[in-house]
Amino acid sequence: MTDGTDPETRSPADRAAALAGILPEQIARAAALPGYRALAGIEPSRICTPDDLAGLPVLRKSDLVEAQGARPPFGGLAAADAPFTHLFQSPGPIYEPGRADGDWFRLGRFLRACGIGPGDVVQNCFGYHLTPAGMMFDAAARAVGAAVIPAGTGQTELQARAAAHLGATAYAGTPDYLKAVVEKADALGLRLAITRAAVSGGALFPSLRDWYRDRGIACRQCYATADLGNIAYESEAMEGLIVDEGVVVEIVTPGTGDPVPDGDVGEVVVTSLAPEYPLIRFATGDLSAVLPGRSPCGRTNTRIRGWMGRADQTAKIKGMFVRPEQVAELVRRIGADRARVTVTREAEADTMHVAVEADPAPEAEALDAAVRDVLKLRGSVETVAPGTLPRDGRVIDDQRDYET
1 MTDGTDPETR
11 SPADRAAALA
21 GILPEQIARA
31 AALPGYRALA
41 GIEPSRICTP
51 DDLAGLPVLR
61 KSDLVEAQGA
71 RPPFGGLAAA
81 DAPFTHLFQS
91 PGPIYEPGRA
101 DGDWFRLGRF
111 LRACGIGPGD
121 VVQNCFGYHL
131 TPAGMMFDAA
141 ARAVGAAVIP
151 AGTGQTELQA
161 RAAAHLGATA
171 YAGTPDYLKA
181 VVEKADALGL
191 RLAITRAAVS
201 GGALFPSLRD
211 WYRDRGIACR
221 QCYATADLGN
231 IAYESEAMEG
241 LIVDEGVVVE
251 IVTPGTGDPV
261 PDGDVGEVVV
271 TSLAPEYPLI
281 RFATGDLSAV
291 LPGRSPCGRT
301 NTRIRGWMGR
311 ADQTAKIKGM
321 FVRPEQVAEL
331 VRRIGADRAR
341 VTVTREAEAD
351 TMHVAVEADP
361 APEAEALDAA
371 VRDVLKLRGS
381 VETVAPGTLP
391 RDGRVIDDQR
401 DYET
């Protein structure tokens, strides 16, 4: 249960009143930026509720890439005098700003909900190179008074030894990587003290959560992006994800921006309340649905059911997005006729298989290198005869079962 003075536990009426003061100011800030020509003519004082946002245009990642190309680095969507301390690059490429002071990405709220705080040592296995996830969780751990092991990704044996020797009590990283660290520690005869895990960057499958529970590790997940920071997070109630106080979430019909009835599945569209980077109705491409009622933990904001797939064919594999545009670039790069990426899971880990139609077949080493360079991931690769791949319009086939 959270403290009653916390914004997380305020009444819906108090939250609505606060938003009615904040939202018009945020719309006015955005409308004054050179990248928000789509908001020209909007009267900010009339945008006071989530329902009022429905009349505004949706900003998509493709729009963001185009805007950043025209006005680098942030497309004219960030305040020119914002005190950013970090500049990040994510696949796309898409550039994101960040700040090291305070908990700018607001993930401290999630760590507190995981029971992480003073006295904890967080092994942060999110990447620190170019992409922001490592810094996001680093700042969150410091915000709640925990020490940080900036472990980053890879080198599993070193990770296991560091966790044991430095006394890590909590883990931050993608859902499946902790299992690899724990199993490596078992193989090395090391005893780990990790009892809590704060995960993101991929689906937390029920079977994997159960595996952690059986090892004495309470594993909770959040939904966050590099652009928006924390969007929603699990609490001890383990009933859906609670929307963060720093954003407004809408669930809309994919491709239209029209809100769907509560409970229906639709695309997650988020408006950020960060004054330095006011993303308005930013379409994540993710699917979810509003979960009725309030959380038993005492937090009163809207809940969503969690990640329920993609509104497009984009898939998150091993914590990295793979987009149809990247598959098209792979086809162009190797001179193939077409390609298909198939995503499955084996031993609680994501696997990727890439099949390409090409005649003549490219050299195996060149094909492997192109996949790593374009998709930014390793996977099995094969060349198949022309006409082999299904003509169903899909270039990314996600076959993972999200119910088990």
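If you're matching positions, the sequence shown starts at 1 in our numbering and goes up one per residue.
C-beta atoms are modelled at their ideal positions from N, C-alpha and C, and glycine is treated no differently.
Since this is a predicted model, take the numbers as computed values, not measurements.
* Asked: With distances taken from CA atoms, which of S200, I22, R281 and N301 is nearest W307?
  -> The shortest CA-to-CA distance from W307 to any of S200, I22, R281 and N301 is the one to S200.
* Kindly list the residues whose CB is nearer than 7 Å to the CB of A349, restricted to its own chain and excluding five residues on each side of it in sequence; keep chain order. => D176
* Measure the CB-CB distance between L111 and F137 and report whether it falls below 9 Å. => yes
* Asked: Alpha carbon to alpha carbon, what distance is there between T174 and G319?
  -> 6 Å
* Asked: How big is the Cα-Cα spacing for G257 and Y212?
  -> 38 Å
* Are the Cβ atoms of G115 and A218 separated by less than 9 Å? -> yes
* How should T302 be labelled, buried or exposed, when 16 other C-beta atoms within 10 angstroms of its C-beta is the threshold for buried? -> buried
* What do you reckon, are the CB atoms on E267 and A237 nearer than 9 Å? -> no
* Asked: Considering only residues of the same chain and omitting the five flanking positions on each side of R71, which have a CB-CB separation below 8 Å?
  -> P34 and G35
* **Inter-residue spacing [alpha-carbon to alpha-carbon] between M1 and A232** => Low confidence applies to M1: its pLDDT is 34, below 50, so where it sits in the model is not reliable, and the reading given next is rough at best. When rounded, the distance between both Cα atoms is 17 Å.
* Asked: Can you list, in chain order, the residues of its chain whose CB lies under 6 Å from that of P362, leaving out five sequence neighbours each side?
  -> I334
* Could you pull out every residue in the same chain whose Cβ sits closer than 7 Å to the Cβ of G4, ignoring the five residues on either side in sequence? => Because the pLDDT of G4 is 42, which lies under 50, any placement of that residue in the model is unreliable, and the question is left without a value.
* Alpha carbon to alpha carbon, how far is I396 from P390? Give it in angstroms, no decimals. => 12 Å
* To do: Report the option in R340, K376, A336 and V341 whose CA atom is closest to the CA atom of P360.
  => Taking each of R340, K376, A336 and V341 in turn and checking the Cα distance to P360, the smallest one comes out for A336.
* Asked: Applying the criterion that 16 or more other CB atoms from any shown protein chain within 10 Å of the CB defines a buried residue, is E43 buried or exposed?
  -> Under this definition E43 is an exposed residue.
* Asked: On the three-state DSSP scale, how would you describe H165?
  -> helix
* To do: Taking P24 as part of the beta strand (DSSP E), name the residues at either end of that continuous run.
  => Premise fails: P24 lies in the alpha helix (DSSP H), P12 to A31, not in any beta strand (DSSP E).
* Kindly indicate the opening and closing residues of the beta strand (DSSP E) around D286. => F282 to S288
* Is L287 near G309, with beta carbons less than 9 Å apart? -> yes
* To do: Per DSSP, which residues does F321 bridge with? Please list them.
  => K316
* To do: Report the three-state DSSP secondary structure of R112 (helix, strand or coil).
  => helix
* **Counterpart residues of T351 in DSSP-defined beta bridges** => T344
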